[in-house]
Each structure stands twice: as structure tokens, then as C-alpha cells.
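S.K.: Numbering follows this note's numbering, in which position 107 of the sequence shown is assigned residue number 1496; successive positions increment by one, without gaps.
Glycine is no exception: its CB is placed at the ideal position from the N, C-alpha and C atoms.
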Amino acid sequence: MFTSDNQQTALDALSAQWKECKREEKEANVKRLAVEKEFAEILDIPEDGILKVAGMKIHTGYTRKWDQEKLLKLQAEIRAEFFPFESTLKENRAVAKHVEKEFPDLWALIADALTLTPSQASFSILPPPKD
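(1) Find the nearest neighbour of Gln1464 within the set Asp1520, Ser1476 and Ala1500, judged by alpha-carbon distance.
(2) Please list, in chain order, all residues of the same chain as Thr1449 whose beta carbon is under 7 angstroms from its beta carbon, the five residues on each side excluded.
(3) Using only the alpha-carbon positions, how far apart do Lys1426 and Leu1432 sit?
(4) Report yes if the C-beta distance between Lys1408 and Ile1499 is below 8 angstroms; otherwise report no.
(5) What are the boundary residues of the beta strand (DSSP E) that Thr1392 is part of?
(6) Write down every uninterrupted run of the beta strand (DSSP E) in the segment 1417-1459 whose length is 3 residues or greater and which is fully enclosed by it, in chain order.
(7) Which ranges would you report for the alpha helix (DSSP H) in the segment 1482-1508 if only whole runs of at least 4 residues count?
(8) In this structure, how does DSSP classify Arg1468 when only helix, strand and coil are distinguished?
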């Protein structure tokens, strides 16, 4: 990508500014975690629930991960109205790319079920180039 000297100067300045913001964000995150630890030491925070105190809302809980193979086996044994799970198809992007490239007619059928929504740009710091 070709950039003029003015553009490069602006890009360098924005990059430096972004890196400083990221450094400040990490520092603030460390401080925030320390404050949260102090809250936990003072309060009787429930393992799973919401505690409202001092203008703060503290929400705790668990991340739930289910063994999909076990659930699929159980699904056949439990009446549908008592099975508390829905099945969701998840794209295997590598296979999808292959089908899209090698089998365009098949991909046209599949792609009809696809909705693309632009994602927010993600920024990160590149490691310095090795000499």
C-alpha cells in the first residue's frame, strides 16, 4: 500500500497514540481487578446471582459448557418437551471455503441460508520487525 509522507506521519502518530491508549487500558484493567478483589474481600458475594451495593451491581455466575456427544445420546432417550436444549448448526469455515471454491453450485444452495454482518474492526499491536 502506497502512502504519502503526510499520510505516513499521520499514521505513525495515530499508531503511537493507539499504543499509548492500549498501555493505559492495560494499566487501568490491573487497577480495576485489584479493586474488585477488595470488594470480594469485604462483601459476601454470592457464587451465582446479583448483589447491588454502593451504587455498584456485581453479577456472578458460571460459564456453562455441555458435552455435546453425551447430550446427543441423551436426546434420543428424553421426550422432546423435556429436553432443555436446542440444536444449532455451526459453520466449519475451512470446509465452507473449500465447498465455495470447489463446488459453486452446492455453495449457491448453502449460501442462501447465510447472512453476512460486518464486524467491528479489531486492532492489535504487531511485534517489532526482526532485523
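M.R.: To lay it out plainly:
(1) Ser1476
(2) Ile1434, Pro1435, Glu1436, Asp1437 and Gly1438
(3) 10 angstroms
(4) no
(5) From DSSP, Thr1392 is part of no beta strand (DSSP E); its letter is neither H nor E.
(6) 1438-1442 and 1445-1449
(7) 1482-1491 and 1493-1500
(8) coil
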